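Here's the structure we're looking at; comments come further down.
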Amino acid sequence: MSGKVTRGDVAALLGKHGYQLGEHRLGDWEATIAATPYALVACIEIGGWDDLLRQVADVQAELTTIDAAAPSPRSWDLYLVVLVDEAATDPDQRALVEALEGDTSYTRKFVHAGLNPEELDQALRPLLPLRPPAKLEVADPLEELRAELLAIGVEKKTVDSAILSFESRNEVELA
Amino acid sequence: MMSLELESFRGFAAPEILDFDAETVLVRGDNGTGKTSIADGLLWLMTGEIPRLRDRGKGIRKEKADPVVNRYRQGEKARVKLKVRPGTLGDEGGSEPTVVFFERSGDSKNSTLTVERGDESLVGPEAERLMAATFGDFTPQQFTHAVGAWGILQQHALLEALEGGTSMHERLAEIVGLERVNRFADSAAAVARAARAEQKSAEQARDRLRTKQEEAIVRLREAQKHAEHVQARAVPVSRLLVERDEDLQRGVKLERAPSEFEDLLSLLREIEKIGQAARVLAVAFEELAAASETGAEAIDAIERRLEGMRVEADRAMAQAPAQVQMADAALQLLGGDCPVCGQEIDESSVREHLNEMLESAREESGRAAAARLELGEAEVQLQKARLADARRSEAQERVDSARESLRAMIDAGGWVSVDPSLLSAGRAQELTEILESLEDRVQGAQTEARMRGGEKIVRYSTDLEVTVSESEGAEEKARVAKERADQAAGLDEAAHKAAERIVERALERLQPSLAEVFDRLSPHPTFKELQAKQDIYFRKNRVVPYAYDRKNEVGGHPALIFSEGQLNVVALSYFLGLALNAGEGALPFIVLDDTLAAMDVLNVLGFADLCRRLREERQLIVTTHDRRFAGLLKRKLAPREEGSRTVLLELDGWTEKGPQVRTQHEPMGEVLPLPERRAS
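Same order as they appear, the protein sequences are chains A and B. FYI, the numbering for the first sequence is 1 to 175, going by this note's numbering. FYI, the numbering for the second sequence is 176 to 855, going by this note's numbering.
Next comes the structure, spelled out in structure tokens:
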């Protein structure tokens with residue numbers, strides 16, 4: 001994949017994980033709204049860093065207004081995903097991101113600047129369900145061991161004899 | 176888990192029943208109000224010990240009071256009782272689950288577990304087994320390990336997850352199922368040690384015999400020097416073994432003339448060895464000659480002929496029986512009228528024609544059977560040819576190997592040289608005869624030398640002969656022992672390496688689960704990846720955390736990069752990563768005892784979101800002293816769907832009887848759809 005992440009990418013990923021999707025107008029911004037009983041997420045795209053603080057505050061106000069029209073415990077779970085097209089290059093921009101994300105009043109904000117599609121999954125992880133656990137256990141440890149010993153270069157005769165004796169007597173014996 | 180009852184245990188003197196009948200149990204209490212006693216109670220009930228208290232008690236002398244029993248109830252037995260409804264979490268059993276009560280009573284040194292299930296009551300080891308089996312497919316030992324490793328995480332143990340690299344490795348090894356591989360590696364190491372000891376002992380024996388041999392040579396030389404007869408020293412070997420000797424002229428030569436008695440001995444040994452190898456070669460040549468030669472071309476020809484025969488036999492077998500059946504059936508139906516059109520026919524003429532057909536078909540059938548028989552014989556012939564070809568290849572391999580080893584022996588010897596033509600098929604037998612003849616003559620020279628040297632020389636030369644023979648045996652033993660020790664050491668090394676590689680791959684598979692937790696808690700703006708790496712130092716395997724900034728390709732141990740609060744997040748990620756990946760060793764609950772300490776609000780918000788996900792899979796019991804975080808978790812974890820339950824236990828007003836416990840069941844919050852507000 002290449003290019004920058006769009007609202008469409010965010011919507012596709014959240015939709016895949018059970019969010020109900022919709023398009024809303026939040027002030028001056030077209031926003032993707034994704035909802036579950038536990039979260040109301042708004043996603044907007046912003047081109048640059050100028051006046052970002054005010055823009056985010058406006059969008060946040062619009063989102064809380066929408067939510068207030070149907071008040072529920074979910075009001076504690078408003079999220080705003082802000083996609084900034086330009087990557088954060090100077091310390092001021094990074095400080096701005098930190099300030100925005102650190103302010104958790106009204107909404108929890110995720111500001112992603114210059115996000116690549118490969119990074120999207122990690123960026124939205126807090127909003128996604130747990131992935132199925134990896135299978136760590138080895139089906140047949142001795143078989144795996146045999147393959148490893150051969151791959152390392154131990155002679156087949158030695159490996160066979162050692163594994164066979166271990167299987168039958170729990171003791172390694174040499175050929 | 177439905178409820179937990181504590182009495183005379185740690186901070187709880189009076190009996191107190193705590194409601195655990197929910198997906199999420201939040202326990203909020205200031206420091207010292209009994210939160211940790213709840214986690215300790217679960218730990219003690221499930222494992223029979225509280226390692227933290229045991230370790231702390233080690234350095235404190237003259238302390239008579241038992242740390243598990245409440246300080247105001249010393250002399251009584253501590254009691255913890257857990258009510259469980261199996262099959263409601265983790266195991267989705269079909270039948271109506273029976274409520275089970277587990278109760279442990281006693282003190283830190285001695286305690287007894289009792290189980291009540293319906294009318295059934297078990298005590299001691301049987302009860303321990305039942306408890307382990309109730310929470311998963313565990314033995315009591317495995318259950319104890321699982322509870323400590325990924326069941327209950329207490330605040331004091333948070334950073335141990337990062338520092339205890341060895342135990343992390345052990346935990347991982349347990350999940351991966353490395354136990355057998357490790358036992359194999361240990362056994363291989365034991366074999367290697369034993370083999371090395373055998374090698375050492377064989378080499379010592381060899382060295383002793385070498386010394387003995389040198390001493391025997393010195394003694395013999397001394398005896399020769401002082402012999403009365405001068406001839407004793409002039410061994411007539413040269414005269415016996417050079418120029419005019421026919422055998423030597425036939426392709427076997429002495430590289431130098433033996434002058435001392437021990438030279439004769441050494442020469443004789445060499446001739447014996449070469450003679451033995453020559454006999455092996457001669458036998459191999461005989462076997463090769465006996466193996467009938469069937470080349471690949473001949474086998475191809477037989478295969479081609481067979482293919483043709485198969486096609487022909489198949490055709491004949493397919494046609495002949497059908498023709499016989501058809502003619503036979505037609506004869507049975509034959510009458511004055513045609514069985515098909517009903518017109519009158521000449522029955523005798525048709526019958527004659529059909530009989531001819533039947534006869535011809537039977538002949539064809541006979542030929543088919545004969546062809547099938549012939550085919551079978553040809554197949555046997557082909558198999559024999561292939562077998563003979565394989566035997567011939569094996570015989571050729573034996574010849575090559577015997578010739579190679581004979582050449583090596585001649586080159587290594589130094590006394591005798593052999594014309595290469597004697598190593599050919601036609602002359603190998605001749606070589607054995609020459610060497611036998613030479614051996615006889617050298618033995619004769621040896622006897623003559625002894626006779627001339629007198630009694631002392633006879634005795635010393637016999638001693639030397641015996642010592643040389645023993646020494647050669649010891650050399651061989653030492654060589655074999657070294658080979659074996661090297662082989663064992665190689666296997667030992669490889670077994671450890673293999674175990675490392677298996678763990679390495681498991682760590683790669685574990686990566687997403689560590690990220691699963693770490694990404695949600697986002698403790699650092701640039702070091703956004705948490706990895707687990709294997710660190711091996713003097714064969715001691717450890718798993719260490721590694722924080723990584725992928726964009727800048729910079730990484731390091733989190734302890735050297737992160738703040739204490741961030742480190743707590745890393746430790747929690749480790750613990751939960753393992754809990755989520757425990758596979759068959761997974762427990763149906765996770766207990767987190769005041770693990771939010773030192774986290775910031777963003778971490779806690781991430782943690783709250785994570786808890787929502789976790790409780791879909793495990794019962795969650797979370798304690799915290801922080802009122803703000805407790806409020807946040809309470810709101811975030813309040814149920815929003817039918818069947819979901821959250822309990823908040825508020826601990827306060829602690830007295831010598833224990834804390835006051837207020838239980839709140841969080842009401843379900845209804846979430847309505849958003850009003851329509853379409854984008855323009």
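For each residue, glycine too, the CB sits at the ideal point set by N, CA and C. None of these values were measured; they are calculated from a predicted model.
When only Cα atoms are considered, residue 169 (chain A) and residue 668 (chain B) end up about 21 Å apart.
Secondary structure remark: continuous beta strand (DSSP E) runs of at least 3 residues inside the stretch 445–486 of chain B: none found. A Cβ-Cβ separation of about 14 Å leaves residue 783 (chain B) out of contact with residue 823 (chain B) under the 8 Å criterion. Positions of the beta strand (DSSP E) runs, each at least 3 residues long and wholly inside the stretch 604–674 of chain B, cannot be given because no such run exists. Nearest to residue 620 (chain B) by C-alpha distance, out of B:435, B:363 and B:257, is B:435.
Contact with chain A is absent for residue 321 (chain B), since none of that chain's Cβ atoms lies less than 8 Å from the residue's Cβ.
Just so you know, the alpha carbons of residue 744 (chain B) and residue 787 (chain B) end up roughly 17 Å apart.
The stretch 284–367 of chain B is shown to contain whole beta strand (DSSP E) runs of 3 or more residues at 286–292, 295–298 and 327–329, in chain order. Secondary structure at residue 498 (chain B): helix, using DSSP grouped into helix, strand and coil. By the Cβ criterion, the stretch 810–820 of chain B is not in contact with the stretch 225–232 of chain B, since fewer than three pairs of Cβ atoms, one from each stretch, lie closer than 8 Å. If you ignore the 5 residues before and after residue 833 (chain B), its C-beta comes within less than 7 Å of the C-beta of 186, 187, 188, 189, 191 and 209, all in its own chain and listed in chain order. Legend: CB atoms of the stretch 740–756 of chain B lying less than 7 Å from CB atoms of chain A belong to residues 755 and 756. Annotated three-state conformation of residue 104 (chain A) is coil, per DSSP. For the 8 Å CB-CB criterion, residue 696 (chain B) and residue 781 (chain B) form a contact. Counting C-beta atoms within 10 angstroms of its own C-beta, residue 595 (chain B) has fewer than 16 neighbours from the protein chains shown and is therefore classed as exposed.
Listed along the chain, the chain B residues whose CB falls inside 7 Å of the CB of residue 125 (chain A) are 694 and 695.
A direct Cα-to-Cα measurement between residue 135 (chain A) and residue 353 (chain B) gives close to 14 Å.
By the criterion of a C-beta distance shorter than 8 Å, residue 740 (chain B) is surrounded in its chain by 698, 773, 774, 775 and 778, once the five residues flanking it on both sides are discounted. With the criterion set as a beta carbon lying under 8 Å from some beta carbon of chain A, the members of the stretch 346–379 of chain B are 347, 350, 351, 352, 353, 354, 355, 356, 358, 359, 362, 363, 365, 366 and 370, in sequence order. With 16 or more other Cβ atoms from the protein chains shown falling within 10 Å of its own Cβ, residue 593 (chain B) counts as buried. Per the C-alpha coordinates, the member of B:257, B:570 and B:400 positioned closest to residue 221 (chain B) is B:257. Contact annotation, residue 253 (chain B) with residue 259 (chain B): C-beta distance approximately 20 Å; criterion of less than 8 Å not satisfied. For residue 49 (chain A), no chain B residue has a Cβ inside 9 Å of its Cβ, as the nearest lies near 17 Å away. Along the stretch 805–844 of chain B, the beta strand (DSSP E) occurs as fully enclosed runs of 3 or more residues at 821–830 and 833–840, listed in sequence order. The C-alpha of residue 197 (chain B) lies about 10 Å from the C-alpha of residue 841 (chain B). Straight across, the Cα-Cα distance linking residue 310 (chain B) with residue 199 (chain B) is about 18 Å. By the 16-neighbour rule on beta-carbons within 10 angstroms, residue 319 (chain B) is buried.
Within the stretch 106–117 of chain A, the residues whose Cβ lies closer than 7 Å to any Cβ of chain B are, in chain order, 108. DSSP, reduced to helix, strand and coil, places residue 786 (chain B) within a helical segment of the structure shown.
Looking at the backbone, the Cα of residue 363 (chain B) and that of residue 564 (chain B) are separated by about 41 Å. Under the three-state reduction of DSSP output, residue 798 (chain B) falls in the strand class. If you look at residue 261 (chain B), you'll find it isn't in any alpha helix (DSSP H); DSSP assigns it neither H nor E.
When C-beta atoms of the stretch 385–393 of chain B are compared with those of the stretch 630–640 of chain B, three or more pairs fall below 8 Å, so the two segments count as touching. Judged by DSSP secondary structure, residue 716 (chain B) falls within the beta strand (DSSP E) whose first and last residues are 715–724.
The beta-carbon of residue 38 (chain A) is placed less than 8 Å from the nearest beta-carbon of chain B. Sequence-ordered contacts of the stretch 68–81 of chain A with chain B read 69, 70, 72, 73, 74, 76 and 77 [C-beta pairs closer than 8 Å].
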